[in-house]
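Heads up, the sequence shown is in UniProt numbering, so the first residue is 1 and it goes up one at a time. These notes concern the structure reproduced below.
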Amino acid sequence: MEENKKFAQKVKDIRERQQMSIEELAEKSGVKLEVLQAMENGEIIPSLTPLTKMAKALGVRLGTFLDDTEQLGPVVVRDGKMENTLYFSGREDVANATNLEFHSLGAGKHDRHMDPFMIDIDHDDEYELSSHEGEEFIYVMEGEIEVVYGQDSITLSKGDSIYYDSVVPHHLHAKAEKAKILAVLYTPF
């Protein structure tokens with residue numbers, strides 16, 4: 001969980017540089033104070049929805065939270081060499097659930113507009129729909145996932161993909177066993 005602590009420190013540093021209290025960030029972002037406190041203590045990394053809301057409230061890109069060093073040229077990630085593994089909760093208001101393992105494929109890319117990830121997903125019977133600004137492209141690499149999008153439930157298998165507006169309430173999880181996806185997220189700054 002060392003990555004959680006590094007991530008937490010980065011978010012806290014950004015917040016403090018803007019002279020914003022954690023309570024102000026909670027109010028401005030709409031993310032529950034308990035979730036922010038657990039995150040800043042390195043206990044969890046919340047789902048993408050609160051992270052997106054936090055980034056918007058702080059006036060930074062979502063990727064700013066994930067970057068260690070910026071590269072001006074292309075970012076290359078070799079097979080089996082993915083770093084920056086982060087464990088996200090799949091639910092917005094739950095501080096201790098972790099069913100998503102994110103591997104950033106774009107960390108370090110200077111001024112990027114998309115955030116590509118390889119994500120290992122566990123099965124999850126309990127979930128909440130969440131929404132945020134932007135778009136998501138999902139490609140299933142292994143296993144089978146269920147995407148709940150608004151009122152619809154869509155099952156995707158290896159080789160299937162979906163592209164959607166993430167402002168519509170949504171959630172995805174592995175159908176039975178673990179699954180692996182390529183996800184490309186776009187969040188307007």
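Backbone N, C-alpha and C fix where the C-beta goes; we use that ideal spot for every residue, glycine too. Just so it is clear, the structure is predicted and the values come from calculations on it, not from any experiment.
| Quick one: what's H173 bridged to in DSSP? | E146
| query | Between G159 and the rest of its own chain, which residues show a CB-CB distance below 7 angstroms, the 5 nearest in sequence each way excluded? | reply | V140
| request: Would you identify the three-state DSSP class for K178, choosing helix, strand or coil? | output: coil
| Going along the chain, which residues of its own chain have a beta-carbon closer than 6 angstroms to the beta-carbon of V77, five neighbours each way excluded? | Here the set comprises L105.
| said: So, with DSSP's three-state summary, where would you put I22? | reply: helix
| Exposed or buried, what is A8 when buried is set at 16 or more other beta-carbons lying within 10 Å of its beta-carbon? | buried
| request: Taking only the alpha-carbon atoms, compute the straight-line gap between N96 and I162 and give it to the nearest angstrom. | output: Confidence in N96 is poor, its pLDDT being 47 and thus under 50, which makes the residue's placement unreliable; the coordinate value appears in the next sentence. When rounded, the distance between both Cα atoms is 28 angstroms.
| Sequence-distant residues of the same chain with beta carbon closer than 7 angstroms to I145, five excluded per side | I121, L156, L172, H173, A174, K175, A179, I181
| task | Please list, in chain order, all residues of the same chain as G42 whose beta carbon is under 6 angstroms from its beta carbon, the five residues on each side excluded. | result | N4, K5, A8
| request: Starting from F49, trace the alpha helix (DSSP H) both ways and give me its first and last residue. | output: Before going on, a small fix: residue 49 reads as Thr here, not Phe. Start and end: 48-58.
| field | Alpha-carbon to alpha-carbon, V168 and Y149 | value | 7 angstroms
| query | residue 215 and A55 look like a contact to me (Cβ under 8 angstroms); what is the Cβ gap, rounded to whole Å? | reply | Lying before the first or after the last residue shown, residue 215 is absent from the chain, which here runs from 1 to 189.
| query | Ordered along the chain, which non-local residues of its own chain (more than five positions away) have a Cβ less than 8 angstroms from that of R112? | reply | R61, G63, G106
| What does a CB cutoff of less than 7 angstroms around D165 pick up in its chain, not counting 5 residues either side in sequence? | E135
| query | Roughly how many angstroms lie between the CA atoms of E40 and D115, to the nearest whole one? | reply | 22 angstroms
| said: Please return the same chain residues whose Cβ sits closer than 6 angstroms to the Cβ of F137, not counting the five positions on each side in sequence. | reply: Y163, V184
| query | What is the DSSP secondary structure of K5, counted as helix, strand or coil? | reply | helix
| request: Report all residues from its chain with a CB closer than 8 angstroms to the CB of V75; omit the five preceding and five following residues, and keep chain order. | output: L105, G106, A107, G108, K109
| message | Is the separation between the beta-carbon of H132 and that of L48 shorter than 9 angstroms? | response | Taking 9 angstroms as the cut-off, the beta carbon of H132 is found closer than this to the beta carbon of L48.
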